[in-house]
Structures are given as C-alpha cells and as structure tokens.
C-alpha cells in the first residue's frame, strides 16, 4: 500500500465513524478510556493501592503507551496535523498522556503534592469521551443561544449571594461560625442553591429569618434558568423541524428523530448527521 | 360451564378491566398487594416484629398463597401462557411469591443475610402495581422520545462529577474526609444534585470555592432535563390533540382529557382507551 | 332601615368585594387574622410567653370574640346560612373560633397535650386567608387538569422510594442507622427529593453507590412534574387568551392581564372577574 | 471649552455607553467596584485584616474618594441632578460612599456593632453593577408579568409552612429541638425548599411521616414557579419576535438576538437597544 493510501485509510479508521473498522476503533478507545479511569480510581483507594501497587502501575504504563500511539497516529494521518494538535481534542489527547511521562521522567520532583496532582490530572482523559457526545449539538446550541441570559442570571446570583453573605456575617458574626465574608458567601451559595450541607447554620433569630428569605429566593429563582433553557429548547426543536426536508417530496416539518418522511415514507437523512445552519 | 368458556371468563376477570367483576378483582388485588407490603414493612420494625412474630408470619404465608393462586390462574387462563410467563408482569408475579418459598423450602440456608435478602426481595411486589399505571403512557412516551437527550445529559453529569470529584480529592485530601476518588465522586454527586447531606464537606478555602462552583453548576444544569421533558411533553400533548377525532363530525384538535367534541358535542372515545400510534 | 335591607347591606359588606365598605372590611379582617396568628406564634416562644402571659391571653380572647361576631354575622346575613355553614369557608370560620372555646369551657381537660393541641389548631385561621387568593384559579385549574398525571407521578415516586428504601435497609442494616424499612423509606424520600438532612447517611461502599443512583434519579424525575405543570399552564394561558373578548370590536386573543383591547383600546372586563368556562 | 459643552461632554462619558470614552469609563468603574468589594471581603478575614490593616484602610479611603468624585461629577453633569439623586442609581451611588464617611467623621460612635455594620454596608456597592445588567429586561419583564402569580405562589407557600411548622411543633415538641413555632416554621421552610440543613430534624415516627409529606409537597410545588416563568418567557420571546422589524424590508419575526434581517440581510437595530413597548 502506498504511503498516501495508508494515511487515508488510517484517517478513516481513527477519525471517521461511518465504516465498520472506524466504529470498532471508537468502541475499543471508549473501553480503553473507561478502563484507564478505573485504574486511576482504584489507585486512590488506600487498601487497593497497597495490595495491587505494581499491577496498577504497569496497567497505567500500558494505557499511557496505548494513548501515546493513538496520539502519534492521529498526528500522522491527519491532513492538518498542526490544526489537530491545537484543537480542543488535540490538547485533550496530549493532556491524557503527559502526566504519566512527567511523573516518569522527573522522579526528582517527588514532592507528594506534585506527584498526586499529576496522577489525578490523568482524570482529564474522561474528556476524551466528549468526542462521542456529538449528538449533543441541540443541547449545546440551546445553551449557546441562551448564553447572554445565563450570564445575566449568574451575575444576579453573584450579587445576591454577596449581599446575603455580608448581611449574615454582620448578623451572626464569627462566634456562630461565620468567621469571614468569603465563608459567609460560601454559606449563601450553599443555601441559595438548596444544597444545604448544614456545616454552617444560622443560630440567631434574625439570622434564621434571613436564611429563610435566602432559601425562598433560591427556590424561586431556580425557575429562571429552567424557563430560559426550556424556551430555547422549544424554539430550537421547532427550528430543527422546519429545516429537515424530505429528499423525495421536499416537504418539511419532520421531527428531529424522524427516520422516514411522514408524508411519502421516503428515508430521510440520518438524524445524527443532519446539520442545522445557524 | 365448558372448560373453554371458564377459561375465557377467568381471562376477562383477571386480565380485563372493563367488566364489573374485572374491576372488583383489580381492586381486591391492589388491596392485597398494599397489605402484603404493610406486613413486610411492619416485620422490619424490631419492636413490632418481636411482639407479633407469629401473626406476621402467618399473614405472610396467606398472602403468598393468594399470590400463588393468582399466578397459577393467570397461567391457566392466559391464551399464551408462555408469553405471559416471560413478560415483564409475568416475571414480577413470579418474583412476588418466590422469596417466601425459597425461605420456606431451604431453611438450611439460614445465614441471616440470605434470609433477610429474601424477605426484602418481596418488596418487588410493589411492581405489581405498575400494571395499574397504564395511563402513564404519555409520560413514558415523552421519556422515551427524549431518551437520547437524557443519555447525553447523564454522560455529561458523569464526566462532570468525575472531574470535580478528582479535583476535590487532590485539594482536600484524605485528612479532610476525602479518603479516595470514589468517595470524592460520591461527594460530587451529593453536591451537584443539591442533596447536600453534609457528611463530607470541604474544609479548605480552595475546596469551598470548588464546592461553590459545583453547586452553581448543579443548580443550573438541573434546568436541562426539565427543559427536555417539558419540550417533549409539549410536543406530545399537541400530537395527541391532533389524533383525537370526533366520531360524529370527524374534526380533530380535542384536548387529551376532553370527553365531548368541542364542535358538535358528541361523546368522544374514553380518554383512557385512546391509543396514539407512534 | 328594614330588616331585609340591613341583611342585604351587611351581605354586600361582608361577602362582597366590590364596594368601598366591602374592601375596608376585607382589609380589616386580613389584619385581624395576621395579628391573631402573630399572638399564637409569640405565645409559643417560651421567653415571651412567660413575660406577657396575661396580655397574650386577653388578646386571644379579643380575637376569638371578633371572629365569633364575624361568624354569626355571616350566618345571619347569608341568603343560605346552612349552605354557608357547610361550605369550605364556613367550616374554616368555625374552626378558627372553636379551639379557644373548647379550652375555655373545658379547663378540666387540662392534659398539657390537649391544651397545646387546641392552641395550635388555631393556626388553621391562616386558611381564612385562602378566601383572598381567588385570583389563583389559573394555577388551580392547571393543577386540576394535570391531576391524573400528578397522581401517576406520585405513585411512581411511591414505588421508587419503597424499592430504594428496602434495598438500602438490606445493604446498610440497623448498625448504620437504617433500623427499619419505614425509617429507610424516610431516608429514600429525604434523598430523592434532594432535601438531604444528613441525619441518616449510607456508610458502606455499596450503600453510597445506591444513594448516588437515588440522587441522580431524584434529580432527573424532578423534571417530570415541572414539565407537566408548564405544559398545562401553556395550554391554559392560550385558552384564556382565546376567551377574553373585547366588548366593542369583539376581537379575541387578549392577554390574561390586559386592561384594554389591543385593537381598538376599549376597556376590557376587569381581569380579576373574568370567568373562564370549563 | 465652554462650561455647557464640558457638562455635555462629561454627561456622554459618564452616563452614555455608546462612545469609546463612555465604554472605557464603564469598564474602569466596574473594575473599581469589584476591587473595592475585594478590599471589603479581604478585610473580613481575620488573618489578612491583622497583617494588612493599614494598607486595606488606605485602599478603602482611595476607593471612597474615587466614588465620591464619580458621584459629584454625576450630580454636576446630569441635566436633572435632583431627579438623578432621587433615582435608584443615585441612592445606590450615595450609599456606596456614605458608610466610610460616617465611620470616619463619627469615630466616637465606636460601638463595635455600628462600625462593623457600616463597614459591611459598603457591600451595597455591588448594586452599582446592576446598571450594567440592563440587557436583563426580558427576564425582568417576564418576572413582572408573572408578579401576581408569583405573589399567589408565595402566599400559598406561606400558608403551607405556617400549618406544617405548627403541626410539627405539636408532634415533636421542645424536647426534640422544635422549641417554638417560629423555629418550627424555619424548619418547614428549610424542608419545603429542599435545602435540608439537618440542624433540626424530626425524631418521632409521626414527625418523620409529616416531614416526608412536606418534602414531597415541596418537591412538586417547585414545579409551579418554573411553569409560570417558562410560560411567561415563551410568551415574551414570541412577543419580542413580532416587534423587531427590519428597517429595509419592514418584515417582522426576527429572533431577539438576531443581528441581520432573515429575509433581506439588512442590519437590524442593536439587540441591546431594542425597546419593546408594553
């Protein structure tokens, strides 16, 4: 096989998802990612780490080797290797192998903290899975369309927790656990999001009244992002419906997961590959 | 009564819901299921179990006998007994009686754990009630239509809790209760779902900042499944509306709970029995 | 003034809301209800109850006398006194005065529990306020329209918490605080509703995994009632819009809070008094 | 430059947002506000306050001087200084500088409480940021349109927590932490909003049953505000769509964030400045 054909063949297997080999590669990669995450998670459990120390380390080296080969092959067969290396997925693929090499080549950097940090940074391998969530474009587009409203929402929440945090700091004071404004703002976030750990709670009557107000506020403003996302999703789903046209009778209005035209029964474009122009 | 007629008569009572006798049978069965659940629940309360040990055991035998007769009758009168036995409800009906027999026939398996497990497995009798929730098809259809979006949503949540759990594990460390990555992921789930038990909470400033981010994220992505379900339900309810036609004037657009045609007032098909073709 | 005219005059003041005197009566009554609730709440605070014992008791007698006069007047001026006495508001009005009389006339029933219960039952006076929430008919109608779906939703939640509660009872057992199935079901409700008190938490690995599943399930099924209510409210608001017609140009499609016709500017019927036929 | 021209020039920079200088002024002001908030927050952390006492105090004086100059300039260049001083932003701008002056000029008022209160009141400077959230008008309009429904919703929640709080007070009593009705109502709010601190929890069986009911109720009524906001936002977004017209072809129906006409491609009015008439 000439070098050019090999490159293209590899490209179809590694980057493509439409051939049998391409799909098999993807499934193998997902299994490898999940297994390497399992190794990382198991390593963090003291009792398991003690007993299986060597085995886990060798497995880790094996996975790093595997992902390194994958990275080099992607660089090799990509028509634009530099664009790939700079893309979101390229950076993630590099980040997935870097920590192990760093820990291996610089054993002198044996501060426990650095080593542990490098080890855990391997968790970002989980982001390699994002590649397989590309169906998520309707969700993402809804979020993007609503990004200005979401920003305003978070600014409002930010202003509210600053005010409520500071007020509770004055009302309750350091003796009741509210030792500083940052800690009080943390309490306000815990309360307004209805998480409610209970590690810091108001003790005075006035503090409880303020806390009640914060909760009721949080409870009701929770409705705002929901309303935003729902309204955007409704719009998006209708837009999508308008854009899918039957190749046979050219009539629109098909659902986003329709496989056949509802008027004439002709097969529609694969729902996964329909692209909606902005 | 000839054997064939008896079988059909039993079939109408046991499987049907449209005759008076069929409805009476259903109500009696629901009462029996709820009572047998009550026996199971009471048995688990130490003070009650001590005092009423024998009574509860005999009640349990009575219910098992009852459900066994029901199961045999269903097998007997069903036109396709094997299909029934293999169906969801057939398996549930068998599971509802099996544990008591196993505990009865194998008293040698007297490991406390096994017995207790068998006893509690009787809880799956509650699933016999699902048979009576068949009106739930609009809800179920909405969930099914949105299953791809829901899967993407859960994958995203999975990736997020893996990353946040690992980061808090590095930041807080075993000394603050975050003893392993699985436990830290458990904390991330407790936080992102806004449950907030408070059994493990961040102690450091950086940990609290990360926790705040997790909460705000959880608070806002909560909006995504709501938006999905609402958008699907809206679509589903409109679709339903289009499909209900008046038998007299043949005009459509009736609400899913309309009893009479809004144009000519003729009675419509019973809302419970309308079937929407997919 | 003849007796008949007086009765009608009183009826307009006490039951009506359209005259100046009627509105003044309503506002005075709301203030009296809130003040009597304040007395009840203050009485329950030990330090205040000690210091102001006599004053609070006399205030309570005064409010009871006031509400008794109101009740008698309502009975007197109502055209159908028995229908009023049997109605929701008639029963509430009686319940608002009964506890004080019972405690007064039967001091022999001085078991602390009974007295305390009677005292707190006065809290149901708060329900007298419901009379003034009649604008809530859109909300209530949406809830009523969706009552079948809401019932199915609660049955599903009931089945889920029974199963999860029983499973955690087997997994964790009495040593970790899950002493009985009712208590374990309580835990499941605390978890699935994302309340998360933290008074009972899973200790084992398997228990934490099950708890994570419960949380994620609760987090996502929370979307279902929201979707139901939103879809019904959307439908209801559109229906409402269709039914409001301009008295001048007879065109429909006005918003539920529009005061003037959007086509010709004529004044529309008062939004509070528009009645939507079911 | 004549005095009149200077005033107008300053007005465009300080109040306007459309010139380069105006935008630069806004960005500088936002940075100053955030920095002064940072100083306030840092001052509340004991360890930092101890070490950087003098520096933080001088920074505080500098920011107060800056905001004072801003306030005086706004008064000077505003065409209607008294209207400005009485407006929401005028009051906020005054509140942002007042506490420091009060603490400075009345050192005799050295009760710790007063000083601390004055210091923390500077937090209201955060409200100066609201000026820059003016894009929020769709959100605000939706909330305003739904204000009657939201009021009814909060009244309903108020009635519910009063009843549930009083019932749990009778059931659990002071021995289990429910020492008074206000405290019990606080518990009911913590529970119904699904915050669930866990500082007060029911101990008796009946109390736990009531708590379960409260949670399930809170879990489902959470759906009501969401439904209200979503329905209003849907309406609002559609209304907005109708009102944006292309200056070239005069056709409507553009999305609220569209920059160009979807029919002829002409540039539309800046989305930030479109005003929707009520």
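Residue numbers (UniProt numbering), protein chains in the order written: chain A, 1 to 278; chain B, 1 to 278; chain C, 1 to 278; chain D, 1 to 278. A virtual CB, placed ideally from N, CA and C, is assigned to each residue, including glycine. The structure displayed is predicted, hence computed values, not measured ones.
- For residue 187 of chain B, the three-state secondary structure derived from DSSP is helix.
- At a cut-off of 8 Å between beta-carbon atoms, residue 196 of chain A makes contact with chain C.
- Along the segment 222 to 233 of chain B, going in chain order, the ones with a CB nearer than 8 Å to a CB of chain D are 226 and 230.
- Contact check for residue 219 of chain C against residue 194 of chain C passes: the beta carbons are separated by less than 8 Å.
- Note on residue 146 of chain D: 16 or more other CB atoms within 10 angstroms of its CB, so buried under the neighbour-count rule.
- Close to chain C, meaning a Cβ-Cβ distance shorter than 7 Å, are the following residues of the segment 187 to 212 of chain B: 189, 190, 193, 194, 195, 196, 197, 198 and 199.
- Beyond the five residues adjoining it in sequence on each side, residue 185 of chain C comes within less than 7 Å, by CB distance, of 161, 162 and 165 in the same chain, given in chain order.
- Within chain D, the residues whose beta carbon sits less than 7 Å from that of residue 123 of chain C are 162, 163 and 166, listed in sequence order.
- The residue among D:71, D:77, D:76 and D:52 with its C-alpha nearest the C-alpha of residue 89 of chain D is D:71.
- When DSSP states are grouped into helix, strand and coil, residue 80 of chain C belongs to the coil group.
- Classified as exposed, residue 61 of chain A has fewer than 16 neighbouring CB atoms from the shown chains inside 10 Å of its CB.
- Counting along the chain, residue 157 of chain C sits inside the alpha helix (DSSP H) bounded by residues 147 to 172.
- In this structure, the beta-carbon distance from residue 43 of chain A to residue 49 of chain A falls below 8 Å.
- Between the alpha carbons of residue 150 of chain C and residue 159 of chain C lies a distance of about 14 Å.
- Counting the other Cβ atoms within 10 Å of the Cβ of residue 228 of chain B gives 16 or more, which makes it buried.
- Secondary structure note for residue 222 of chain C: it is in no alpha helix (DSSP H), with a DSSP letter that is neither H nor E.
- For residue 39 of chain A, the closest of A:22, A:65, A:127 and A:59 by C-alpha to C-alpha distance is A:59.
- Contact between residue 32 of chain D and residue 66 of chain D holds: their C-beta atoms lie close to 6 Å from each other, under 8 Å.
- Interface flag for residue 177 of chain A against chain D is unset, since no Cβ pair is found closer than 8 Å.
- Proximity of residue 36 of chain D to chain A, defined by a Cβ-Cβ separation below 8 Å, is not satisfied.
- Residue 182 of chain B sits in a helix when the DSSP states are folded into three classes.
- Bounds of any alpha helix (DSSP H) do not take in residue 199 of chain A, whose DSSP letter is neither H nor E.
- Around the C-beta of residue 233 of chain C, 16 or more other C-beta atoms lie within 10 Å, and the residue is accordingly described as buried.
- Less than 8 Å separates the beta-carbon of residue 171 of chain B from that of residue 204 of chain B.
- Judged by their CB atoms, residue 73 of chain D and residue 14 of chain D are nearer to each other than the 8 Å cut-off.
- Contact annotation for residue 127 of chain D against chain A: 159 and 163 [CB-CB distance below 9 Å, chain order].
- Note that the C-beta distance between residue 101 of chain B and residue 196 of chain C is not below 8 Å.
- Excluding the 5 residues flanking it on each side, residue 225 of chain D has same chain C-beta neighbours closer than 7 Å at 150 and 153, in chain order.
- DSSP places residue 203 of chain D outside any alpha helix (DSSP H), giving it a letter other than H or E.
- Straight through space, the alpha carbons of residue 155 of chain C and residue 148 of chain C are spaced by roughly 11 Å.
- Here residue 188 of chain A is actually not in contact with residue 230 of chain A; their C-beta atoms are around 26 Å apart, not less than 8 Å.
- At a C-beta separation below 9 Å, residue 218 of chain A has these neighbours in chain D: 193 and 195.
- Of the residues assessed, residue 167 of chain C falls on the buried side of the cut-off, its CB having 16 or more other CB atoms within 10 angstroms.
- Pairing residue 127 of chain B with residue 46 of chain B, the inter-Cα distance amounts to about 26 Å.
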